[in-house]
Amino acid sequence: MTADLDRQFAGKRVMITGGLGFIGSNLAHRLAAAGAHVLLVDSLIPEYGGNLYNICGIENRVQVNISDVRDTYGVNYLVQGQEYIFNLAGQVSHLDSVEDPVTDLEINARAQVTLLEACRRQNPGVRIVFAGTRQIYGRPQYLPVDERHPLAPVDPNGISNAAGEWYHLLYSELHGVHACSLRLTNTYGPRMRVRDARQTFIGWWFRQIVEGQEIQIYGDGAQIRDFNFVDDVLDAMLLAAASPKSAGRVYNLGAEPISLKAVAEMLVELNGSGSYRLVPFPAARKAIDIGDYYGDTKRIAEELSWRPQTGLREGLAQTIQYYKTHARHYW
Numbered sequence: 007m008t009a010d011l012d013r014q015f016a017g018k019r020v021m022i023t024g025g026l027g028f029i030g031s032n033l034a035h036r037l038a039a040a041g042a043h044v045l046l047v048d049s050l051i052p053e054y055g056g057n058l059y060n061i062c063g064i065e066n067r068v069q070v071n072i073s074d075v076r077d078t079y080g081v082n083y084l085v086q087g088q089e090y091i092f093n094l095a096g097q098v099s100h101l102d103s104v105e106d107p108v109t110d111l112e113i114n115a116r117a118q119v120t121l122l123e124a125c126r127r128q129n130p131g132v133r134i135v136f137a138g139t140r141q142i143y144g145r146p147q148y149l150p151v152d153e154r155h156p157l158a159p160v161d162p163n164g165i166s167n168a169a170g171e172w173y174h175l176l177y178s179e180l181h182g183v184h185a186c187s188l189r190l191t192n193t194y195g196p197r198m199r200v201r202d203a204r205q206t207f208i209g210w211w212f213r214q215i216v217e218g219q220e221i222q223i224y225g226d227g228a229q230i231r232d233f234n235f236v237d238d239v240l241d242a243m244l245l246a247a248a249s250p251k252s253a254g255r256v257y258n259l260g261a262e263p264i265s266l267k268a269v270a271e272m273l274v275e276l277n278g279s280g281s282y283r284l285v286p287f288p289a290a291r292k293a294i295d296i297g298d299y300y301g302d303t304k305r306i307a308e309e310l311s312w313r314p315q316t317g318l319r320e321g322l323a324q325t326i327q328y329y330k331t332h333a334r335h336y337w
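Counting from 1 along the sequence shown, just add 6 to a position and that's the residue number in the working numbering.
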């Protein structure tokens, strides 16, 4: 599937917002190899994960524009002529959203309207894939969580992401801009921001295990999550972009559920050393914890023929090796 899918993007003009970040840069490598004309748009705000090293090896095959998606004039210019936009720019830290909800709203909601308005006026034929999040569901009322589950975010980040997603769906319905949303769960893999635990606990765990630190698990470690290796997420994004069926649709991503304690044990085993410890939840994190979560992926399997291909053990091993080799560019 991968080779046939990639060939659909050969020679196409593709813009990736948040293109120097984790998922965006991996997508850039994939599309550059496929022969697409790739434009990466990134603000390089230090806390948000953009890293020029993420495009090491493809610097001469992609175009980079250092700009902010909140810049109306810049975005109006950049969307012109693009055939596909992978809209991955966002503020993803839940704790940061609690501390500074206004900036969170500006980036995750208002900036999305800026991009969509630019597309409506300058390039209405473009196809947009939005990186949504399972965080908008809040604490699950039932498992697995399907796309019909009520939305009840537990923090400002969940609310702003829900608004950003709904704007995409509205523009698809109201203005005919082909847009869809993928509700991502715990995506992991090479090129993650692992400088601290601001964005993702699993990224921080990778750094701890590679550096020989003790992994700290909040609570009893029995919390259930599902994890997607970044290559599988890229497959989902490309399938959504290529399919005419995706307009106005939302899709859960996900995989087999596993406890956090089991993930930590697997990391220690794969690394050949390390340890973990259960610790009490800090009050700030406990207030926004969602408990157990894993998603129902039947819709994307049926409509887009997507299923994750990389097992958790394989993906964790690849990621550990990446940071052992490239640590100095991420610590």
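A virtual CB, placed ideally from N, CA and C, is assigned to each residue, including glycine.
{"Asked": "contact_flag[the segment 273 to 287, the segment 228 to 242] where n(CB pairs < 8 Å) is 3 or more", "Found": "no"}
{"Asked": "The segment 104 to 112 in contact with the segment 159 to 168 per 3-pair CB rule at 8 Å", "Found": "yes"}
{"Asked": "Rounded straight-line distance, which links the Cα of Gln327 to that of Leu246", "Found": "Reading the sequence as shown, one finds Ala at residue 246 and not Leu. The alpha-carbon atoms of Ala246 and Gln327 are separated by roughly 30 Å."}
{"Asked": "Closest residue to Gly131 among Ile91, Ala307, Pro314, Ala42 (Cα-Cα distance)", "Found": "Ile91"}
{"Asked": "contact_flag[the segment 139 to 155, the segment 199 to 208] where n(CB pairs < 8 Å) is 3 or more", "Found": "no"}
{"Asked": "Bridge partner(s) assigned by DSSP for Thr139", "Found": "Leu190"}
{"Asked": "At least 3 beta-carbon pairs within less than 8 Å: the segment 122 to 141 vs the segment 185 to 193", "Found": "yes"}
{"Asked": "Pairwise C-alpha distance: Ala158 and Leu33", "Found": "30 Å"}
{"Asked": "Simplified DSSP assignment, three categories, for Thr325", "Found": "helix"}
{"Asked": "Sub-9 Å separation of Leu176 and Ala137 beta-carbons", "Found": "no"}
{"Asked": "Nonlocal neighbours in the same chain, by C-beta distance under 6 Å from Ala117, ignoring five residues either side", "Found": "Val75, Arg76"}
{"Asked": "Proximity to Asn2 [Cα-Cα], best of Gln128, Asn114, Val119, Tyr336", "Found": "Only positions 7 to 337 of the chain appear in the structure, and residue 2 is not among them; the question remains open."}
{"Asked": "Backbone secondary structure at Ala169 - three-state DSSP", "Found": "helix"}
{"Asked": "Distance, His43 Cα to Lys251 Cα", "Found": "24 Å"}
{"Asked": "Val81, DSSP secondary structure in three states", "Found": "helix"}
{"Asked": "Nearest candidate by alpha-carbon position, reference Ile72, set Tyr299, Gly25, Asp10", "Found": "Gly25"}
{"Asked": "Inter-residue Cα distance where the pair is Gly254 and Glu153", "Found": "13 Å"}
{"Asked": "Cutoff 8 Å; reference Lys304; Cβ partners in own chain excluding five residues on either side", "Found": "Asp152"}
{"Asked": "CB contact flag (Arg140, Tyr329, <9 Å)", "Found": "no"}
{"Asked": "Beta-carbon gap between Val256 and Pro162 smaller than 9 Å", "Found": "no"}
{"Asked": "Neighbourhood of Asn221 by C-beta distance below 6 Å, restricted to the same chain and skipping five residues each side", "Found": "Here residue 221 is Ile; the residue named in the question, Asn, does not match the sequence. Closer than 6 Å at Cβ, skipping near neighbours: Trp211, Gln214, Ala270, Tyr282."}
{"Asked": "Residue range of the beta strand (DSSP E) that includes Phe235", "Found": "233 to 235"}
{"Asked": "Nonlocal neighbours in the same chain, by C-beta distance under 6 Å from Ala228, ignoring five residues either side", "Found": "Ser265"}
{"Asked": "Candidates Leu121, Ala333, Asn192, of which the one nearest Tyr173 by Cα", "Found": "Leu121"}
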